[in-house]
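Here the protein sequences line up with chains D and G, keeping their order. Residues in the first sequence are numbered from 1 upward in steps of one, following our numbering. Residues in the second sequence are numbered from 1 upward in steps of one, following our numbering. Heads up, the thing below is written out as structure tokens.
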Amino acid sequence: MTAVLTNLFDGVAYGMLLFVLACGLAVTLGLMNFVNLAHGAFAMAGGYVCAVLVNQSGWPFFAALPLAFVASAAIGAALERTLYRHLYARSHLDQVLFSIGLVFMSVAAVDYIMGSSRIFINLPEALQGQFDVFGVGIGRYRLMIVVICGVLTALLQLVLAKTRFGSRLRAAVDDPRAASGLGINVPQVFAFTFAFGCGLAGLGGALSAEILGLDPYFPLKFMIYFLIVVTVGGSSSITGPFLASLLLGIGDVAGKYYVPKMGPFVIYTMMIVILIWRPNGLFGRTAAR
Amino acid sequence: MTAQTDVAYHARQHGRWHWSEIAFWAIVLACGFIFPSRYLIMTEVVRLALFALSLDLILGYAGIVSLGHAAFFGMGAYCAGLLSAHGLINEPVLALIVAGLAGMVLGFATSFLVIRGVDLTRLMVTLGIALLLEALAERFSDITGGTDGLQGIEMQPLLGLFEFDMFGKTGFFYSLAVLFLLFLLARRIVHSPFGLSLRAIKNNPLRAAAIGIPVNRRLIAIYTIAAFYAGIAGALFTQTTQLASLDVFAFERSADLMLMLVIGGAGYLYGGLLGAAVFKLLQVAFSTITPQYWGFWIGLVLVIIVMVGRQRIHAAALFVPNLILKQIGGRKAVVALTDNEAP
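What follows is the structure, given as structure tokens:
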């Protein structure tokens, strides 16, 4: 029983991490309808920035996390302004080709700069090991992830639902023309959102070095996971992708623990079945208009 | 002239062999004799060309985007490898056809999943299927050999006459013959009424359905045919390299394939063939500059192609040949640009 609960906890932590990694993609793919396969590259950038700061410059882990966010967001903003912006109106095929190109470039570039082996981030003492709550083993690091990601999710939901920026974004997404007619600077809103999503991915990448493993092939390896979160979750709100990531996280951890031989088989089958059954995602509105 | 005869006339004009096509195949055949020391790499180009031709059939003609075309390639590769390793079918040509049929069956089975939904769903489902097969191949590593690859593939002489030599001469001419035959078939298919109906579907499925084209059935048919082609390409891979490992299903293979087709241009059959040659040349050039990091430059090429615009690049590439042909022949563009490649 306790083993089940421990697995459940690990699954939740994993799922929340996936959510932070993928929720930027939920906006670009789900809301702006841009197939950005290179989302993982931004996550990887954040992870490597954090690793370099902590391991080589001796920064404390918690100080490096915000910087991972900022670095990825800056890269995202720069690329959005220079490249992505021109491709919003293009066909999906063009977007796919472009973002695959970016993935290839990022993989080779990181391989060149940092080497091809898996990288680890030196964690502070306080985050290592695990403790027991009524016999359920809870990893400190995973607990931290749950807390950080939980707070982030709540904040995101608040910002989207309550603030002026949130309503602008929703308006811009629902009908860009009408929104710009009302005086909303749609490209700016999109650019800001894109950069913010990339920043979140970067933060997720920094957090995931310990759990998912960080190497130059990260964007390729986890691309499918991000896509699953978004397509299965739909995009009507933050809740859809959130539930989808939890489901995916718990499913993946349980799958690896109880039927290790089946490997990632379960996940892929689930995705295909869900996409066939409900092409617009489990929760809510269409992901591709 | 009535509309029907008009359409038929243009379709026939389009379907006729142009002298530039004959020249193209003559040059390809000549390459086999001019560069006897480059058989291995030329075999690879031919194989990639066949694979790209397969994608062209569904992407260029029917408008189905796929990120997992390696699924059928891998199916064919493993099928040919297993047939040979266990000595079930020793005749390479027969094994090739059986492997193609295996790909075809897989294509038929998955086509029902693929024809549903929009571009995005198709991308995801095709990608998912390829990943699924890769996971399966890894799971049943006692059959497939897992990451080490399939062991003990021995090729028997072709048709009992031609031994596969270490310089790859037999392999090259064998692959080229297969490519040419399948190209003829593809050419026949796309210029038939069936092929024209596919173009109609690509341009507007709703209108195509309105004029009485059974959209779903046509898409299933062409997807199945394309899977057959990809299966054959995979089988050629196994037969000419005597190798089959997990990476036949890899995502990079599908992605590279898209790049080839984009370089060459989709929707006129030769795009895949030219694209495969250019891609291979680029790959060789890049990997002599940076052996480990050529992926970066390939990625850069992709990004530039998309940023500049595919049509503009093709127009630029065809500018000089068309100019020359116009001067000599006094006619308009001979190498036609593909119709409505991008919306």
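Each residue gets a CB set at the ideal place from its N, CA and C atoms; glycine is no exception.
- Taking 9 Å as the threshold, the shortest C-beta distance from residue 123 (chain G) to chain D falls below it.
- With a threshold of 9 Å between beta carbons, residue 94 (chain D) makes contact with chain G.
- Below 8 Å, too few C-beta pairs join the stretch 36-48 of chain D and the stretch 3-19 of chain D to call them touching: fewer than three.
- Using a Cβ-Cβ cut-off of 8 Å, residue 86 (chain D) is close to 307 of chain G, given in chain order.
- About 5 Å separates the beta carbons of residue 314 (chain G) and residue 265 (chain G), which is inside the 8 Å limit, making them a contact pair.
- Segment contact: the stretch 218-236 of chain G against the stretch 94-103 of chain G, three or more CB-CB distances shorter than 8 Å; contact assigned.
- The beta carbon of residue 113 (chain G) sits closer than 8 Å to those of 125, 129, all from its chain and outside the five residues before and after it, given in chain order.
- For residue 229 (chain G), the closest alpha carbon among the candidates G:211, G:51, G:152, G:212 is that of G:51.
- The beta carbons of residue 99 (chain D) and residue 215 (chain D) sit about 20 Å from each other, so the pair does not count as a contact at 8 Å.
- The straight-line gap separating the alpha-carbon atoms of residue 41 (chain G) and residue 275 (chain G) is approximately 15 Å.
- Burial is judged here by how many other beta carbons sit within 10 angstroms of a residue's own beta carbon; residue 9 (chain G) has fewer than 16 and is exposed.
- Closest in C-alpha terms to residue 7 (chain D), from the list D:122, D:142, D:125, D:25, comes D:142.
- Residues of the stretch 212-226 of chain G with a C-beta less than 8 Å from any C-beta of chain D: none at all.
- Among the residues facing chain D, residue 293 (chain G) is included, as its CB has a counterpart in that chain under 9 Å away.
- The residue from G:172, G:240, G:224, G:310 with its alpha-carbon nearest to that of residue 32 (chain G) is G:172.
- Residues of the same chain with a CB within less than 8 Å of the CB of residue 155 (chain G), apart from the 5 flanking positions on each side, are 84, 92, 164, 239, 242 in chain order.
- Considering only beta carbons, the part of the stretch 253-274 of chain D lying closer than 8 Å to chain G consists of 261, 262, 263, 264, 265, 268, 269, 271, 272, in chain order.
- Residue 136 (chain G) sits away from residue 224 (chain D), with the two beta carbons spaced by 9 Å or more.
- Among the CB atoms of chain D, none fall inside 9 Å of the CB of residue 260 (chain G).
- In summary, the residues of the stretch 107-141 of chain G whose CB is separated from some CB of chain D by less than 8 Å are 113, 116, 117, 118, 119, 120, 121, 123, 124, 125, 127, 128, 129, 131, 132, 135, 136, 138, 139, in the order they occur in the chain.
- For residue 189 (chain D), the uninterrupted alpha helix (DSSP H) segment begins and ends at 186-208.
- Boundaries for residue 22 (chain G): no beta strand (DSSP E) harbours it, while the alpha helix (DSSP H) harbouring it runs 19-34, taken from the DSSP string.
- Judged by DSSP in its simplified three-state form, residue 138 (chain D) adopts strand.
- Chain G has no Cβ within less than 9 Å of the Cβ of residue 215 (chain D).
- Secondary structure in the stretch 190-227 of chain G: the alpha helix (DSSP H) runs of 4 residues or longer, each lying completely within the stretch, are 193-203, 205-210 in chain order.
- Counting of Cβ neighbours within 10 angstroms places residue 153 (chain D) among the buried residues, the total reaching 16 or more.
- Residues are counted here when their Cβ sits less than 7 Å from a Cβ of chain D; for the stretch 40-65 of chain G these are 65, given in chain order.
- Identification of residues in the stretch 274-304 of chain G having a C-beta nearer than 9 Å to some C-beta of chain D yields 290, 292, 293, 294, 295, 296, 297, 298, 299, 300, 301, 302, 303, 304, given in sequence order.
- Residue 162 (chain G) has G:158 as its beta-bridge partners, per DSSP.
- Nearest Cα to residue 126 (chain D) within the set D:36, D:60, D:20: D:60.
- By alpha-carbon distance to residue 274 (chain D), the top candidate from D:255, D:229, D:237 is D:229.
- The stretch 252-263 of chain D makes no contact with the stretch 70-86 of chain D, as fewer than three CB pairs between them are under 8 Å.
- If you look at residue 95 (chain D), you'll find it in the alpha helix (DSSP H) that goes 92-114.
- If you draw a straight line from the Cα of residue 122 (chain D) to the Cα of residue 111 (chain D), it comes to about 20 Å.
- DSSP places residue 35 (chain D) outside both helix and strand once states are collapsed to three, so it counts as coil.
- Nearest to residue 50 (chain D) by alpha-carbon distance, out of D:211, D:245, D:72, is D:72.
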